[in-house]
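Participant: Before we start, here is the structure in question, set down as structure tokens.
Number of protein chains: 2
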Amino acid sequence: MSSGARFGSVSIQNRRERERAERHQLIIDAARELAEAEGWEAVTTRRLAEKVEYSQPVLYSHFKGKDAIVRAVAIQGCGELARLLRQARPKQSESRLRAAAEAYLEFAEKRPALYAAIFVLEVDLPWGTDEIPQELRDAFGELVAAVQPVAGERDLETLTEVFWSTLHGIATLTHGKRLRPSHHEARLDLALGALSGTEQEHRL
Amino acid sequence: MSSGARFGSVSIQNRRERERAERHQLIIDAARELAEAEGWEAVTTRRLAEKVEYSQPVLYSHFKGKDAIVRAVAIQGCGELARLLRQARPKQSESRLRAAAEAYLEFAEKRPALYAAIFVLEVDLPWGTDEIPQELRDAFGELVAAVQPVAGERDLETLTEVFWSTLHGIATLTHGKRLRPSHHEARLDLALGALSGTEQEHRL
DNA sequence: CCAGAAGTTCTAGCGTTGCTAGCTGCAAGA
DNA sequence: TCTTGCAGCTAGCAACGCTAGAACTTCTGG
Chain B
36 MSSGARFGSV SIQNRRERER AERHQLIIDA ARELAEAEGW EAVTTRRLAE
86 KVEYSQPVLY SHFKGKDAIV RAVAIQGCGE LARLLRQARP KQSESRLRAA
136 AEAYLEFAEK RPALYAAIFV LEVDLPWGTD EIPQELRDAF GELVAAVQPV
186 AGERDLETLT EVFWSTLHGI ATLTHGKRLR PSHHEARLDL ALGALSGTEQ
236 EHRL
Chain P
36 MSSGARFGSV SIQNRRERER AERHQLIIDA ARELAEAEGW EAVTTRRLAE
86 KVEYSQPVLY SHFKGKDAIV RAVAIQGCGE LARLLRQARP KQSESRLRAA
136 AEAYLEFAEK RPALYAAIFV LEVDLPWGTD EIPQELRDAF GELVAAVQPV
186 AGERDLETLT EVFWSTLHGI ATLTHGKRLR PSHHEARLDL ALGALSGTEQ
236 EHRL
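If you want it as structure tokens, here you go:
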């Protein structure tokens, strides 16, 4: 039965592709886990190969090189950040801006390796020129939505860039132990107060 | 003449120490130049040794390891940043805050390798725990002085940390091509306007 | 059912990295 | 002048990212 044989062949091919996709994801997850457990400097192709129980060259049949693996982790991490920001709804009298800021900074602090992959490591995510991945667009979109209520006459996108810059600065300087941990809340109050154009001292 | 011989010996020892100090600085300068010309990933112990015309082990008689060399470059770069900030006096009706911000961002953009050594690379400069080098203290002090006029009732040091975070965020995100270059001025206007608690649209 | 083709995975190794053990040769002191 | 000490070099280690080519598995045609 030639058509049956052909169908079977296609099915097998499908299974192959599925298994290949699973292994692709397995590599990404292993890289993320290793980075989160021991930092990106511990993520070597050898250790990664050992963790996924394949030899090194298998990694290169899925990714062009180590950078491409980090990039894949970063993009998926970006999706996770976007999801967290979307879920960050203000509680009580808290402003949406503050809810977003706290979610962003919590992500940066709790998942430093993931945050570094996205925003710190120089892996050249296609931000500017190329097709920007949807995950990146989503994450920025959430920030825009959080800034919108306080923008007033000011240009929304530009103000969002300033908001993001402040958050990113706080996140990276905190991670590098450059800021006084005891004043984290006070810094956020000042930053949010300034950006929302009010002078009030307490939570917005 | 025994005292003469002794004096000569001390003199020779002085010369030795002086030459050693010069070579120490030669290594630091070579590392900085190499990094500024080709980026930190091009700074290898072999290339550095070749540039200073000594063998690799000589580097290790001056510094504990490659990280220590980067640290030394970073600390001296910090002194340079502090000097630039001190010299950045507002022109015309420009605020001191703006003058400092522009000097800071110009340093980050014009000397990216130096900026990275100080603030981005994870070389663990002794910010928090240890004795903080005077250069670091000076640089932060200049920022405090620039923020002081607009602080008002707000805590000066905390507000300076926010100011610094915003500058650092803008600097690193700009370097990573994450922000729209065309809106650089507008971002600075918004950021400075927000921090100084005014709503005015034009230059402060 | 079997031999050859096609595709997949592994072994082994290249060039480079940061770093160091140990030899060599020069200069200072007795 | 002989010895001692130390400064600097040669050579090499382990680990890195990455790859060529062998070896194995799986599918196909006779």
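Just so you know, the protein sequences line up as chains B and P, in that order. Per this note's numbering, the first sequence runs over residues 36 to 239. Per this note's numbering, the second sequence runs over residues 36 to 239. Even for Gly, the Cβ is constructed at its ideal location relative to N, Cα and C.
1. For residue 108 (chain P), which three-state DSSP category applies?
2. Mapping DSSP to helix, strand and coil, what is residue 130 (chain P)?
3. Tell me whether the beta-carbon of residue 194 (chain P) lies closer than 8 Å to the beta-carbon of residue 181 (chain P).
4. I'd like to check one pair, residue 140 (chain B) with residue 256 (chain B): are the Cβ atoms closer than 8 Å?
5. Could you round the C-beta distance between residue 167 (chain B) and residue 112 (chain B) to whole angstroms and report it? I think they count as a contact, below 8 Å.
6. Residues of the stretch 197-209 of chain B in Cβ contact with chain P at a cutoff of 9 Å, in chain order, please.
7. Leaving out five residues on either side along the sequence, give the residues of the same chain with a beta carbon under 8 Å from the beta carbon of residue 201 (chain P).
8. If you follow the alpha helix (DSSP H) that residue 92 (chain P) is in, where does it begin and where does it stop?
9. What in chain P is Cβ-close to residue 218 (chain B), meaning under 9 Å?
10. So for residue 179 (chain P), helix, strand or coil by DSSP?
11. Buried or exposed: which applies to residue 147 (chain P), given that a residue is buried once 16 or more other Cβ atoms fall within 10 Å of its Cβ?
12. Would you check if the distance between the CB atom of residue 17 (chain P) and the CB atom of residue 117 (chain P) is smaller than 8 Å?
13. Going along chain P, which residues have a C-beta under 7 Å from residue 221 (chain B)?
14. Three or more beta-carbon pairs under 8 Å between the stretch 214-226 of chain P and the stretch 207-227 of chain B, yes or no?
15. Might you give, ordered along the chain, the residues of its own chain that have their beta carbon closer than 6 Å to the beta carbon of residue 199 (chain P), omitting 5 neighbours on each side?
16. On a CA-only basis, which of B:82, B:183, B:81 is nearest residue 130 (chain B)? Give me that one, please.
17. Can you tell me whether residue 144 (chain P) is buried or exposed? The criterion is at least 16 other CB atoms within 10 Å of its CB, across all chains shown.
18. Which residue comes first and which comes last in the alpha helix (DSSP H) that contains residue 197 (chain B)?
19. Return helix, strand or coil for residue 232 (chain B), following the three-state DSSP convention.
20. Nearest chain P C-beta to residue 213 (chain B) closer than 8 Å, yes or no?
21. How about the stretch 85-92 of chain B and the stretch 62-76 of chain B: do they share at least three Cβ pairs that are nearer than 8 Å?
22. Short check: CB of residue 158 (chain B) to CB of residue 102 (chain B), under 8 Å?
23. Less than 8 Å between the C-beta atoms of residue 171 (chain P) and residue 142 (chain P), yes or no?
Facilitator: Answer, in terms of the structure:
1. Position 73 of the second sequence, counting from 1, holds the residue named residue 108 (chain P). Of the three classes helix, strand and coil, the one that applies to residue 108 (chain P) here is helix, per DSSP.
2. The sequence position of residue 130 (chain P) within the second sequence is 95, counting from 1. Note: residue 130 (chain P) maps to coil in three-state DSSP.
3. Residue numbering aside, residue 194 (chain P) sits at position 159 when the second sequence is read from its first letter. Residue numbering aside, residue 181 (chain P) sits at position 146 when the second sequence is read from its first letter. In this structure, residue 181 (chain P) does not lie closer than 8 Å to residue 194 (chain P) by Cβ.
4. A question about residue 256 (chain B) goes unanswered here, because the residues of chain B that appear run from 36 up to 239.
5. Numbered from 1 along the first sequence, position 132 holds the residue referred to as residue 167 (chain B). Numbered from 1 along the first sequence, position 77 holds the residue referred to as residue 112 (chain B). Distance from residue 167 (chain B) to residue 112 (chain B) at the Cβ level is roughly 15 Å; contact not present, criterion being Cβ atoms closer than 8 Å.
6. If the cut-off is 9 Å between Cβ atoms, the stretch 197-209 of chain B has 197, 199, 200, 201, 202, 203, 204, 205, 206, 207, 208, 209 near chain P.
7. Within the second sequence, the letter at position 166 stands for residue 201 (chain P). Closer than 8 Å at Cβ, skipping near neighbours: 226, 230.
8. Translated into the one-based positions of the second sequence, residue 92 (chain P) becomes position 57. Residue 92 (chain P) -> alpha helix (DSSP H) spans 91-97.
9. Position 183 of the first sequence holds residue 218 (chain B). Result: 190, 192, 193, 196.
10. Here the question's residue 179 (chain P) lines up with position 144 in the second sequence. In the three-state DSSP reduction, residue 179 (chain P) falls in the helix class (H, G or I).
11. Indexing the second sequence from 1 puts residue 147 (chain P) at position 112. Residue 147 (chain P) is buried by the Cβ-count criterion.
12. Chain P is shown only over 36 to 239; residue 17 (chain P) falls outside these bounds and no answer can be derived.
13. In the first sequence, residue 221 (chain B) corresponds to position 186, counting from 1. Residues of chain P passing the Cβ test: 190, 193.
14. The stretch 214-226 of chain P, when compared against the stretch 207-227 of chain B, does not touch it at the 8 Å Cβ threshold.
15. Working through the second sequence from its first residue, we reach residue 199 (chain P) at position 164. The answer, listed in chain order, is 178.
16. For this step, residue 130 (chain B) is matched to residue 95 along the first sequence. Nearest option by C-alpha distance: B:183.
17. Taking the second sequence and counting its residues from 1, one reaches residue 144 (chain P) at position 109. So residue 144 (chain P) ends up on the exposed side.
18. In the first sequence, counting from the first residue as 1, residue 197 (chain B) sits at position 162. Secondary structure note for residue 197 (chain B): its alpha helix (DSSP H) is the uninterrupted segment 191-210.
19. Looking up residue 232 (chain B) in the first sequence gives position 197. The answer is coil: DSSP assigns residue 232 (chain B) none of H, G, I, E or B.
20. In the first sequence, the residue the question calls residue 213 (chain B) occupies position 178. Yes, residue 213 (chain B) lies at the interface with chain P (some Cβ there is under 8 Å from its Cβ).
21. Segments in contact, yes.
22. On the first sequence, position 123 is the one that residue 158 (chain B) refers to. On the first sequence, position 67 is the one that residue 102 (chain B) refers to. Against a cut-off of 8 Å, the Cβ pair of residue 102 (chain B) and residue 158 (chain B) comes out as a contact.
23. Counting from 1 along the second sequence, the entry for residue 171 (chain P) is found at position 136. Counting from 1 along the second sequence, the entry for residue 142 (chain P) is found at position 107. Between residue 171 (chain P) and residue 142 (chain P), the CB-CB gap reaches or exceeds 8 Å.
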